[in-house]
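This report refers to the structure that appears directly beneath it.
Protein chains in written order, with our numbering: chain D, 115 to 229; chain Y, 365 to 474.
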């Protein structure tokens, strides 16, 4: 049973560029949440997608946007990259109607470095 | 903001019980306590959760005080593979997202 898959695992981008990160949820899950984890900090909630709509959003600027596809996979896009966007980006999947009961399953993340 | 307070780091000898404390003094009556851990270079992993009663599973035990203002995660026989950051989380019923604090960095010493 495949868990959450994220791609790529590592990425290096230049300041000002745009980046797209991808996430495939665990089989049977329909909701995807994205988190940013800076070095030495806990993961910070970016947003959550359910039924192809953004359902909740954390305190992140509009440079961070996302999308969810009919097969429940999701993308995170970041525009106009800043050095401070360097972090581990985590994707978590769950069941939208009962997320805590179904459990959140996390991927191993994408390590983004902005230079 | 996270609703929990945890020590920044702890050490435990291999084979001994690791006891990780968490304060959640503002917890509401219908809010659960969850524990996750994050091993280096991996995503967070669910460990255990509870509401009022003590809970035990194959990974750990969770002891919640009677007033529910604090809890302790117990790893009964810690191994080197238990070295990780442990997050204590209060589940907010109206929210379907996990809010992480900074967690406790647990070092298991050989």
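Where is the CB? At the ideal position from N, CA and C, for every residue including glycine.
CB-CB under 6 Å to residue i, same chain, minus the five flanking residues each way: which ones, in chain order?
i, result
"residue 181/D", "189"
"residue 162/D", "147, 169, 170"
Tell me which same chain residues have a C-beta within less than 7 Å of the C-beta of residue i, skipping the five on either side of it?
i, result
"residue 448/Y", "401, 402, 403, 470"
"residue 200/D", "226, 227, 228"
"residue 389/Y", "433"
"residue 234/D", "What the structure shows of chain D is the stretch from 115 to 229, and residue 234/D is not part of that stretch, so it cannot be assessed."
"residue 177/D", "192, 193, 194"
Do you know whose CA, among the options, lies nearest residue i's CA?
i, options, result
"residue 165/D", "205/D, 223/D, 228/D, 211/D", "211/D"
"residue 387/Y", "379/Y, 378/Y, 393/Y, 397/Y", "397/Y"
"residue 132/D", "196/D, 221/D, 207/D", "196/D"
"residue 415/Y", "371/Y, 436/Y, 372/Y", "436/Y"
"residue 391/Y", "385/Y, 446/Y, 453/Y", "453/Y"
"residue 206/D", "138/D, 152/D, 193/D", "138/D"
"residue 119/D", "373/Y, 384/Y, 393/Y, 406/Y", "406/Y"
"residue 368/Y", "378/Y, 463/Y, 472/Y", "463/Y"
Run through DSSP, which three-state label would residue i get?
i, result
"residue 142/D", "coil"
"residue 402/Y", "strand"
"residue 469/Y", "strand"
"residue 414/Y", "strand"
"residue 445/Y", "helix"
**Report entry** 3-residue-minimum beta strand (DSSP E) runs that sit fully inside the segment 129-193 of chain D, ordered along the chain
**Finding:** Taking only runs of at least 3 residues, the beta strand (DSSP E) segments lying wholly in the segment 129-193 of chain D are 133-138, 145-151, 158-164, 167-171, 178-182, 188-192.
Report task. For the segment 418-426 of chain Y and the segment 214-223 of chain D, state whether three or more C-beta atom pairs, one from each stretch, are separated by less than 8 Å. Result -> No, the segment 418-426 of chain Y is not in contact with the segment 214-223 of chain D.
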